[in-house]
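Under this note's numbering, the letters of the sequence shown match residues 210 to 340, in that order. Glycine is no exception: its CB is placed at the ideal position from the N, C-alpha and C atoms. Each remark here refers to the structure printed beneath this line.
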Amino acid sequence: MPLILETDDYGWMQNIQKSTMTDRCIIRRPATGEVNGWGDIVKSRKTGIETICGLKMVDRETKSTDGEIFDVIEPDAELRLPLDVEIHPEDEVEITERYGKTISPTIVFSVVRFPRVGPTAQVVLLRRKTA
210 MPLILETDDY
220 GWMQNIQKST
230 MTDRCIIRRP
240 ATGEVNGWGD
250 IVKSRKTGIE
260 TICGLKMVDR
270 ETKSTDGEIF
280 DVIEPDAELR
290 LPLDVEIHPE
300 DEVEITERYG
310 KTISPTIVFS
320 VVRFPRVGPT
330 AQVVLLRRKT
340 A
């Protein structure tokens with residue numbers, strides 16, 4: 210017999226999911242329409258929204274095929290977010306707290322693709338940005 214969940218069950222599970230998100234991040238969207246004195250589009254970011262999150266760093270793998278060694282393009286991290294947080298592939302994520310403690314310097318990631326959305330949270334894959 211399949212498990213049937215009530216609406217209240219989802220709310221309870223979403224609250225439990227949020228309570229396990231012990232990190233904080235700022236999600237920044239690209240600013241649009243800004244140009245410099247030469248008429249070139251300037252890449253910049255809006256101030257962004259701060260939210261709770263759950264960051265999980267992922268190990269990269271090196272695989273071998275027929276004697277050739279190559280890096281598999283994989284994300285550097287997975288980020289859990291509450292369902293009510295909007296995030297897109299062109300966004301940038303700055304991690305400001307880990308396990309409730311402020312970190313310095315912060316860690317900045319780019320979003321790999323649209324999030325996977327489940328009944329209690331969403332998960333987005335991230336690539337670490339280099340300076």
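Just how far apart, CA to CA, sit Thr339 and Thr329? In a straight line, the C-alpha of Thr339 is about 32 Å away from that of Thr329.
Cβ atoms of Val317 and Val302: under 9 Å apart, would you say? By the CB criterion at 9 Å, Val302 and Val317 fall inside the cutoff.
In angstroms with no decimal places, state the Cα-to-Cα distance between Ile235 and Pro298. The C-alpha of Ile235 lies about 15 Å from the C-alpha of Pro298.
With H, G and I counted as helix, E and B as strand and the rest as coil, what does DSSP make of Ile161? No answer is possible for residue 161: it lies beyond the span of the chain, which begins at 210 and ends at 340.
Which of the three DSSP states is assigned to Asp232 in this structure? Strand, per DSSP.
Should Leu288 and Val332 be called a contact, given that it needs their Cβ atoms to be closer than 9 Å? Yes.
Using the three-state DSSP reduction, which class does Gly309 fall into: helix, strand or coil? Reduced to three states, the DSSP call for Gly309 is coil.
Starting from the Cα of Thr229, find the closest Cα among Phe323, Pro291, Glu283 and give me that residue. Residue Pro291 is the option with its Cα nearest to Thr229.
Less than 9 Å between the beta carbons of Thr231 and Tyr308, yes or no? At a Cβ-Cβ threshold of 9 Å, Thr231 and Tyr308 count as neighbours.
Under a Cβ-count criterion, where at least 16 other Cβ atoms within 10 Å of its own Cβ denotes burial, should Ile312 be classed as buried or exposed? Around the beta carbon of Ile312, a 10 Å sphere encloses fewer than 16 other beta carbons of the protein chains shown; the residue is thus reported as exposed.
State the Cα-Cα distance for the pair Trp379 and Cys262, rounded to the nearest angstrom. For residue 379 there is no data in the structure shown, the boundaries of the chain being 210 and 340.
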